[in-house]
Every structure is written in C-alpha cells, then in structure tokens.
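Accompanying notes for the structure given below.
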Amino acid sequence: MAIHFKSKLLACALGTFLPGTGLNWLYLKGPQCLWLYLHLITIILGTLGWFDLTHSEDKSLLSWFAVSLGEISLLTSWLTSIVLGLRPDPRFDAYFNPTTTQKNQSGWPVILCVIISLMVGAFILMAGLAIIFEQYFIGQIEAARKISQ
C-alpha cells in the first residue's frame with residue numbers, strides 16, 4: 362500500500378470551503394475515520410431540520426435540535442481547519458506524513474484559510490446564538506400572554 366503525501370493546505374481548504382462534509386478527514390485519515398461519518402450524519406440531519414423549519418408551520422424541538430447538530434458540524438469543521446492550519450509544519454508532517462520524504466512548506470494560503478475559517482465560523486456561531494435567544498424570548502412572551510389571558 363502506497364503512502365500518499367498529505368498537504369496541509371488541501372486539508373485546511375477542504376475544512377474551510379466544504380465544511381461539515383468530513384472531506385478533510387477523508388483526505389487525512391481515509392474512509393475508516395469515525396469523524397467523517399459523524400460529520401456526514403449531522404450535516405444531513407441539520408439540512409433536514411432546516412428544511413422542516415423553513416417549509417412547515419410547526420417549529421418542532423426535534424427540528425431545532427437537528428439544525429443545532431448541523432451547526433455544530435459546520436463549526437467543528439472550521440475549528441479543525443484552524444487547528445490544522447496553525448499547527449507547525451514539522452508537527453503536521455510527523456503526524457500525517459511520517460514515512461514520506463516530502464515535507465509541507467505552508468505559507469500565506471494556509472493562513473488565509475485559517476482567517477476565513479475564523480471569520481465565517483465566528484459569524485455563524487454568533488448568528489446561531491442570536492437566533493436561539495430570539496426564539497427563546499419569543500416563546501417566553503407567548504407563554505406569558507397565554508397565562509395572562
């Protein structure tokens with residue numbers, strides 16, 4: 362079995378631009394990696410929950426939970442891109458390329474992937490928290506109105 366060189370830039374780019382798919386884990390660890398399947402399951406559940414919330418009148422707790430799982434999958438993918446991108450090249454090569462002679466020489470493209478992951482991940486996290494708190498307080502107001510009537 363031939364051992365292929367694992368590029369730090371490609372691993373970061375897959376996590377940054379295709380978040381939640383687990384393709385960065387497929388690239389780094391292969392099809393036996395558990396994280397790949399967890400990402401796929403949660404992003405599918407999150408997508409189904411999102412469609413249920415946007416296309417139905419019933420805003421069920423199960424749909425909100427599924428959307429939360431999808432958001433967590435996206436956020437962990439961006440966090441993984443940040444961690445891999447900021448890992449020193451010798452440490453990355455020692456872990457993912459122990460038997461290859463080719464070494465990573467990452468530069469600005471990896472740092473740009475890290476910056477994009479940080480910006481988009483922070484935006485999605487803040488937006489998700491804002492939506493959660495908004496829905497919570499709307500529910501509290503509706504419950505108070507029912508009690509007062």
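Just so you know, we're using the working numbering here: the sequence shown kicks off at 362 and counts up by one.
Note that beta-carbon positions come from the ideal geometry of N, C-alpha and C, so glycine has one too.
Computed from a predicted structure; not experimentally measured.
Candidates the options: which alpha carbon is nearest residue i's?
| i | options | result |
| --- | --- | --- |
| Cys432 | Leu389, Thr460, Ala483 | Reading the sequence as shown, one finds Glu at residue 432 and not Cys. Nearest of Leu389, Thr460, Ala483 to Glu432, Cα basis: Ala483. |
| Ala427 | His400, Gly410, Gln496 | Gly410 |
| Lys420 | Gln496, Pro392, Ser434, Leu490 | Gln496 |
| Ala372 | Leu423, Leu414, Ser467 | Ser467 |
| Ser434 | Ala488, Leu490, Gly381 | Gly381 |
| His400 | Asp450, Ile472, Leu384 | Leu384 |
| Cys474 | Ser417, Trp439, Leu406 | Trp439 |
My output table needs one value for residue i: the three-state DSSP class, helix, strand or coil.
| i | result |
| --- | --- |
| Phe366 | coil |
| Pro451 | helix |
| Asn385 | helix |
| Lys390 | helix |
| Ser424 | helix |
| Thr403 | helix |
| Pro470 | helix |
| Gln501 | helix |
| Glu418 | coil |
| Leu375 | helix |
| Thr437 | helix |
What does the alpha-carbon distance come out to for the pair residue i and residue j?
| i | j | result |
| --- | --- | --- |
| Gly446 | Ile364 | 22 Å |
| Thr461 | Lys367 | 9 Å |
| Tyr388 | Phe457 | 10 Å |
| Leu486 | Phe494 | 12 Å |
| Cys394 | Trp386 | 7 Å |
| Gln510 | Gly376 | 51 Å |
| Ala455 | Asn465 | 10 Å |
What whole-angstrom Cβ distance do residue i and residue j have, given they're in contact under 8 Å?
| i | j | result |
| --- | --- | --- |
| Leu479 | Ile443 | 6 Å |
| Asp413 | Ser429 | Between Ser429 and Asp413 the Cβ distance is about 13 Å, and since that is not below 8 Å, they are no contact. |
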